[in-house]
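Which chain is which? The protein sequence lines are A and B, in order. The C-terminal residue of the first sequence carries number 252 in numbering that gives the first Met the number 0, and the numbering is unbroken. The C-terminal residue of the second sequence carries number 252 in numbering that gives the first Met the number 0, and the numbering is unbroken. Glycine included, C-beta positions come from ideal geometry on N, C-alpha and C.
2 protein chains.
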Amino acid sequence: MLDCQNCEKPQALKILCSNCSLRELCLPVGLNPDEFEQLNTVIRQSRHIKKGEYLFRVGEEFTSLFAVRTGFFKTNIASLDGRDQVTGFFMSGELIGMDGLSNNVHSCNAVALEDSEVCELPFDRLEELYGEIPTLQRHFIRLMSSEIVRDQNVMLLLGNMKSEERLAAFLMNLSQRLRARGFASNEFILRMSREEIGSYLGLKLETVSRTFSKFQQSGWIDVNHKHIRLTNPLELNRLVAGSNSNTETQEEE
Amino acid sequence: MLDCQNCEKPQALKILCSNCSLRELCLPVGLNPDEFEQLNTVIRQSRHIKKGEYLFRVGEEFTSLFAVRTGFFKTNIASLDGRDQVTGFFMSGELIGMDGLSNNVHSCNAVALEDSEVCELPFDRLEELYGEIPTLQRHFIRLMSSEIVRDQNVMLLLGNMKSEERLAAFLMNLSQRLRARGFASNEFILRMSREEIGSYLGLKLETVSRTFSKFQQSGWIDVNHKHIRLTNPLELNRLVAGSNSNTETQEEE
DNA sequence: CGGGTCTTTGAAGATAGTCAATTTAGGTGG
DNA sequence: CCACCTAAATTGACTATCTTCAAAGACCCG
């Protein structure tokens with residue numbers, strides 16, 4: 000019964016959604032045991048993606064969504080003349096590939112920024128389950144909608160915020176997502192380069208670097224290349240919330 | 000051909016998807032007659048929204064999606080300190096409100112930019128139909144995905160393009176959508192103010208105005224306040240595709 | 001240990017923003 | 001129908017922010 004198709008190690012390789020530590024963050028939120036069982040049969044587990052490898056590329060046929068189990072990914076698109084835009088960073092429990100559903104072709108690239116593991120969710124199998132597990136469908140639609148909301152907040156960031164506000168928003172967003180996963184939220188390793196951060200935030204890498212330095216001088220953070228420590232997250236949050244408040248005058252209440 | 004000839008007659012008040020001239024642009028693409036019939040029973044037709052009125056606001060409970068029948072809408076969000084970002088413009092056949100599915104609360108405002116008519120699609124009714132009309136569900140997911148792809152292209156625009164490229168992209172996008180609806184694509188009336196265009200494009204209204212003037216001086220367009228005529232759309236397209244192309248072709252990578 | 005990549009920092013330059021004045025349009029009411 | 005009034009748009013001059021170009025320093029991986 001527990002036959003594992005491509006087992007290298009018996010049993011341990013077959014990671015079940017029902018056992019997965021991410022089950023409350025990932026697609027199957029709120030399923031009952033029976034439903035977990037059904038989902039398990041659909042998911043192709045634990046494909047390993049090495050740092051730098053592509054999960055999929057622009058133009059490839061869409062067949063599956065991917066849930067990050069471990070590791071870190073970015074997605075990006077390119078303009079016709081080759082300029083690059085990072086459209087998102089993805090950590091464990093997050094779903095990649097929803098762009099591909101619009102016309103069954105991936106409209107972005109997905110690249111691992113460190114050695115990673117993903118669960119593959121073949122979409123036609125998933126679709127078959129929708130009838131049987133309405134919760135699953137509802138949650139999937141919810142995830143797509145969240146992606147839309149997230150993107151619109153990035154539009155706000157790119158359209159209205161100054162460099163310092165953008166970087167502060169970026170750091171606080173990472174921090175919050177790490178906390179939600181039980182990781183330290185005030186001290187972490189950046190998985191992406193300055194250039195990738197800049198691309199995501201609509202800034203040049205030099206501006207990102209300078210802004211990190213400025214934050215450090217202000218005492219908001221400690222930067223040591225990829226290692227970041229948030230020493231004054233409140234101040235960073237304040238920067239995000241109201242840029243109008245003069246950054247010079249720091250009234251602490 | 001776009002407008003409904005029967006609209007003013009009383010019996011025609013009940014506008015049926017099956018008769019609607021937008022049926023090939025809107026949600027029910029590819030349904031068969033039976034399925035159209037089912038969809039008709041679910042849709043609350045033709046709510047009128049006057050210019051300036053809100054279809055919904057941030058924080059309101061989400062219950063329905065809205066399909067634009069006639070008219071023009073914008074959606075926008077505000078940062079905590081009150082800065083405003085227009086996140087989209089919507090014309091006939093386009094669906095508004097998909098942001099609300101993430102947590103059953105609208106995360107943006109939707110405002111009519113001219114007197115408009117919408118079809119209301121109560122989402123719980125729609126959901127009940129999914130089991131019976133798989134095509135409908137698939138198409139809805141497709142529409143959500145398209146919204147994600149659209150938003151990511153706006154991220155590219157905001158993150159990488161210069162003011163002239165942004166405005167050219169904006170004009171060509173409008174033009175293309177008007178053409179798809181059978182309207183003149185090289186001559187149209189802008190429904191939004193310079194400020195709203197600027198907000199969408201991450202520019203100030205003065206910059207939008209100046210860039211319009213620059214385009215006119217270059218002979219690409221005729222601007223007369225809200226009235227726009229594209230006299231050289233090819234050149235505008237070239238601006239969008241490769242801003243560098245104007246000068247020497249610079250190859251990198 | 002060394003080559004290459006990534007990062008930091010400085011100085012100069014460009015693009016878009018800000019502030020301000022003027023013109024034009026569109027809606028309202030006499 | 002016209003005059004008015006307010007809101008929107010245009011244009012100019014100046015400034016701030018971010019980019020570009022350049023060089024030097026730090027790290028990582030084989």
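Endpoints, beta strand (DSSP E) assigned at residue i
i, result
"A/A66", "63-69"
"A/R228", "226-229"
"A/L54", "53-55"
"B/I48", "43-48"
"A/A183", "That residue, A/A183, is in no beta strand (DSSP E); it is neither H nor E in DSSP."
"B/N108", "108-111"
"A/S20", "First-last for A/S20: undefined, no H or E at that position."
"B/D123", "Taken as a continuous stretch (DSSP letters only), B/D123 belongs to no beta strand (DSSP E), being part of the alpha helix (DSSP H) at 122-131."
"B/V239", "Premise fails: B/V239 lies in the alpha helix (DSSP H), 232-240, not in any beta strand (DSSP E)."
"A/I220", "220-223"
"A/N31", "Premise fails: A/N31 is in no beta strand (DSSP E) and is neither H nor E."
"A/K73", "72-77"
"A/G87", "83-89"
Nearest-angstrom Cα separation, counted from residue j out to residue i
i, j, result
"A/R82", "B/N159", "7 angstroms"
"A/W219", "A/R178", "19 angstroms"
"B/R193", "A/I227", "41 angstroms"
"B/V57", "A/R149", "15 angstroms"
"B/N243", "A/G197", "Because the pLDDT at B/N243 is just 41, under 50, the model does not fix this residue reliably, and the point stays unresolved."
"B/L94", "B/Q37", "19 angstroms"
"A/Q136", "A/D114", "30 angstroms"
"B/S217", "A/S217", "47 angstroms"
"B/F65", "A/F61", "28 angstroms"
"B/S174", "B/R180", "10 angstroms"
"A/L21", "B/E127", "30 angstroms"
"A/L255", "A/E186", "With chain A covering only 0 through 252, there is no way to say anything about residue 255 of chain A."
"B/I14", "B/V28", "17 angstroms"
"A/T206", "B/L125", "47 angstroms"
"A/L79", "A/E34", "44 angstroms"
"A/K203", "A/N31", "47 angstroms"
"B/E251", "B/H224", "The pLDDT assigned to B/E251 is 33, lower than 50, so where the model puts this residue is not dependable; a value taken from the coordinates is nonetheless given after this. Distance between the alpha carbons of B/E251 and B/H224 is about 40 angstroms."
"A/G87", "B/S212", "35 angstroms"
"B/T170", "A/F122", "Note that residue 170 of chain B corresponds to Leu in the displayed sequence, not to Thr. Answer to the nearest angstrom: the Cα atoms are 36 angstroms apart."
"B/G99", "B/K73", "15 angstroms"
"A/N152", "A/I132", "31 angstroms"
"A/Q215", "A/E163", "12 angstroms"
"B/N18", "B/N39", "10 angstroms"
"B/A183", "B/R237", "21 angstroms"
"B/N172", "A/C16", "42 angstroms"
"A/E195", "B/R190", "37 angstroms"
"B/I48", "B/F89", "14 angstroms"
"B/I76", "B/G51", "16 angstroms"
"B/P232", "B/R165", "14 angstroms"
"B/T134", "B/N103", "24 angstroms"
Beta-carbon proximity check, residue i vs residue j, cutoff 8 angstroms
i, j, result
"A/L24", "A/F71", "no"
"B/C107", "B/I42", "no"
"B/T210", "B/D221", "no"
"A/V110", "A/Y199", "no"
"B/A262", "B/V85", "For residue 262 of chain B there is no data in the structure shown, the boundaries of chain B being 0 and 252."
"B/M262", "A/M143", "No answer is possible for residue 262 of chain B: the residues shown for chain B start at 0 and end at 252."
"B/F55", "B/H105", "yes"
Span of the alpha helix (DSSP H) around residue i
i, result
"B/F211", "204-217"
"A/I196", "193-200"
"B/N103", "Looking at the DSSP string, B/N103 is not in any alpha helix (DSSP H), and its letter there is neither H nor E."
7 angstroms Cβ cut-off: residues of chain A touching residue i
i, result
"B/M97", "S144, I147"
"B/A240", "L79, D80"
"B/I76", "Q151, L155"
"B/S63", "Correct list: empty, because the minimum Cβ distance to chain A is about 14 angstroms."
Listed by chain order, chain B residues near residue i by CB distance under 8 angstroms
i, result
"A/C107", "Q151"
"A/R141", "L100, S101, N102"
"A/T206", "What A/T206 touches in chain B: nothing, since even the nearest Cβ is about 13 angstroms away."
CB-CB length for residue i against residue j, believed under 8 angstroms
i, j, result
"A/E116", "A/R68", "4 angstroms"
"B/S63", "B/L120", "6 angstroms"
"A/E59", "A/M97", "Going by Cβ atoms, the distance from A/E59 to A/M97 rounds to 15 angstroms, so no, they are not a contact pair."
"A/R141", "B/S101", "6 angstroms"
"B/G92", "A/G130", "Actually they are not in contact, since the Cβ atoms of B/G92 and A/G130 sit about 28 angstroms apart, beyond 8 angstroms."
"B/L157", "A/G201", "6 angstroms"
Neighbouring residues, chain A, relative to residue i (Cβ below 9 angstroms)
i, result
"B/G201", "M154, L157, G158, N159, G201"
Proximal chain B residues relative to residue i, where beta-carbon distance stays under 7 angstroms
i, result
"A/Q84", "M154, L155, G158, N159"
Within chain B, the residues that residue i reaches when beta carbons sit closer than 9 angstroms
i, result
"A/S198", "G158, N159"
Within chain A, partners of residue i - CB distance below 8 angstroms
i, result
"B/G130", "G130"
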